[in-house]
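Protein chains in written order, with our numbering: chain A, 728 to 1123; chain B, 16 to 232. Think of the CB as a built atom: it goes at the ideal place given N, C-alpha and C, for glycine as much as any other residue. All figures in this text were calculated on a predicted structure; none of them were measured in a lab. Written below as structure tokens is the structure these notes are about.
Structure, rendered in structure tokens:
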């Protein structure tokens, strides 16, 4: 009986494992923000242990989630706040509110209220910044985009969460760390709206930013490798209808390819998750495949784009990549997993596994296209996972 | 001697080529030469941005070009609008009033901003209340300005539930405001489920739908 880790490695390295690997992307983000999922997995632990970065308790939540869902990977073994930050920030629950208190020695003690995420999900609060007014030259890029060295990342304890997961689950499960994709990171750094305009107004500066972000991300990849993770997950949003295939090719691809190359040299599998990619952006998709990530994962078809799995398999085969790139399933998390009938769910699971196993010859990992929604019940999710196991088993 | 037609054509092309500096230069030329600013807006800027919108719809160009073109168009609008006489302003009275925003818990804004720009370019008076806005914020602003239409954007599966709350709040208050929903994770079926008046898949559809809803009212 293979472990989850062995199954995933087989899907990357040999193809056709006994059982098709069964995973959920963004598991400890998407599921932990659904209150009913949190109640099931956290077993009475308060919601704010996430804010407090209580690694021991979070590890227990992960363990309970794994017992119920038995995924083949641990998703989200990513960097956490530094050890010093964690030491100097404590969560103080009171009858009135829950406070995050900064107790840095020698500094004035101050605190702010943290709130329980609302039932519909986490309340995103990051500001819409515009750094394009500050960053105008290559010198500005080097001045403002900080590259934290691998050793510093580890010494500061930013890999402690990763290390805890590797120690706890690393023998059995494939440990997957999320990093930023350099194009995404550069654009988010400047601010989404200004950066989208930079593609047209100042592509040279944007490329310098992307390259600098790649330098920083490569240090993080090296840190993850030192701790012993198995793979890297990188989400890229600046694709599809946002930019043209040519813009991706010239501005994003070289830096992303550099990250992929470093990860692969360190023995890590690099899974690329570009959102918004479908048939009408095929040139861009082919450009992404040309970067030779170990795994390619597209969202499900939606919002006017068609990312049917069969089409993906055909494009990969046409490029002669079926022995190099592992394909990921993209079951529709809303229309099928959340809202589909039992028959629709089973039909789609079987269809995708058949494509992965028969059409694509086995280098295939089953997943949903987008994160599981909070409106999905745990029972339904378990039903989905069981169907993947049932149909993913190789018949002899 | 460059004719009026040629200047307006150049203005249209400047928007279509995302060339803000040329748009500003030509808008100033329109003013200098005493060309009807209303005509310059309608036959120059609006035609230009609609051409860009069509190209975006057919994937000839992408969001980055569209946004720069929209910015160029608005730069021209900002120069030409003050030139309209009060009589002309009457002629340019808004097609309708739209309150637009991204729902509570959701900070996505690109699609919402672009829809706002396209509606504005097509003659709507647009009140953009921003991102992460509560149900009450939508209702209050719509009541304050007497909105004909409310546009509620949600890009995530977790936040689209807010669209249902917005529709419910308007209906419970007995407001006649039409409600359009948009965003990556919604569709016609979701619009029907939550009781919205329509769903717009893209920029062009948003403008067409808004005009249809105004005509129906």
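What three-state label does DSSP hand residue i in the structure shown?
i                       : result
residue 779 of chain A  : helix
residue 168 of chain B  : strand
residue 864 of chain A  : coil
residue 996 of chain A  : strand
residue 48 of chain B   : coil
residue 122 of chain B  : coil
residue 1092 of chain A : strand
residue 961 of chain A  : strand
residue 28 of chain B   : helix
residue 117 of chain B  : strand
residue 951 of chain A  : helix
residue 983 of chain A  : helix
residue 82 of chain B   : helix
residue 1111 of chain A : helix
residue 1080 of chain A : helix
residue 937 of chain A  : helix
Do residue i and residue j have their C-beta atoms closer together than 9 Å?
i                       : j                       : result
residue 111 of chain B  : residue 60 of chain B   : no
residue 843 of chain A  : residue 775 of chain A  : yes
residue 1080 of chain A : residue 1115 of chain A : yes
residue 192 of chain B  : residue 169 of chain B  : no
residue 1095 of chain A : residue 1056 of chain A : yes
residue 954 of chain A  : residue 906 of chain A  : no
residue 885 of chain A  : residue 807 of chain A  : yes
residue 1001 of chain A : residue 1060 of chain A : no
residue 892 of chain A  : residue 804 of chain A  : yes
residue 1034 of chain A : residue 993 of chain A  : no
residue 861 of chain A  : residue 798 of chain A  : no
residue 673 of chain A  : residue 1117 of chain A : Residue 673 of chain A is absent from the structure shown; chain A starts at 728 and stops at 1123.
residue 219 of chain B  : residue 68 of chain B   : yes
residue 937 of chain A  : residue 982 of chain A  : yes
residue 759 of chain A  : residue 777 of chain A  : yes
residue 1027 of chain A : residue 1072 of chain A : no
residue 1021 of chain A : residue 998 of chain A  : yes
residue 1038 of chain A : residue 1006 of chain A : yes
residue 908 of chain A  : residue 944 of chain A  : yes
residue 1092 of chain A : residue 1068 of chain A : no
residue 29 of chain B   : residue 37 of chain B   : yes
residue 140 of chain B  : residue 154 of chain B  : no
residue 173 of chain B  : residue 1103 of chain A : no
Does any CB atom of chain B fall closer than 9 Å to the CB of residue i?
i                      : result
residue 849 of chain A : Any reading at residue 849 of chain A is ruled out, since the residue's pLDDT is 48, under 50, leaving its predicted position unreliable.
residue 985 of chain A : no
residue 942 of chain A : no
residue 971 of chain A : yes
residue 760 of chain A : yes
residue 926 of chain A : yes
residue 968 of chain A : yes
residue 786 of chain A : no
residue 974 of chain A : yes
residue 782 of chain A : no
Closest Cβ-Cβ distance between residue i and chain A: below 9 Å?
i                      : result
residue 215 of chain B : no
residue 92 of chain B  : no
residue 83 of chain B  : yes
residue 200 of chain B : yes
residue 74 of chain B  : yes
residue 176 of chain B : yes
residue 185 of chain B : no
residue 309 of chain B : With chain B covering 16 to 232 only, the question about residue 309 of chain B has no answer from this structure.
residue 153 of chain B : no
residue 168 of chain B : no
residue 125 of chain B : yes
residue 79 of chain B  : yes
Between which residues of its own chain and residue i is the CB-CB distance below 8 Å, once the five residues before and five after are set aside?
i                       : result
residue 179 of chain B  : 208, 209, 210
residue 1105 of chain A : 763, 764, 767, 795
residue 127 of chain B  : 115, 116, 117, 143, 146, 166, 168, 197
residue 852 of chain A  : For residue 852 of chain A, the predicted model reports a pLDDT of 42, less than 50, meaning its position is unreliable; a value from the coordinates is still stated below. There are no such residues.
So residue i packs on residue j, CB below 8 Å; how close in whole Å?
i                      : j                       : result
residue 782 of chain A : residue 888 of chain A  : 6 Å
residue 150 of chain B : residue 177 of chain B  : 7 Å
residue 746 of chain A : residue 1119 of chain A : 5 Å
residue 970 of chain A : residue 77 of chain B   : 5 Å
residue 965 of chain A : residue 914 of chain A  : 6 Å
Enumerate in chain order the residues of its own chain whose CB-to-CB distance from residue i is below 6 Å, with the five nearest sequence positions on each side excluded.
i                       : result
residue 1074 of chain A : none
residue 95 of chain B   : 42, 52, 55, 56
residue 184 of chain B  : 150, 154
residue 46 of chain B   : 98
CB-CB under 7 Å to residue i, same chain, minus the five flanking residues each way: which ones, in chain order?
i                      : result
residue 206 of chain B : 196, 213, 214
residue 934 of chain A : 978
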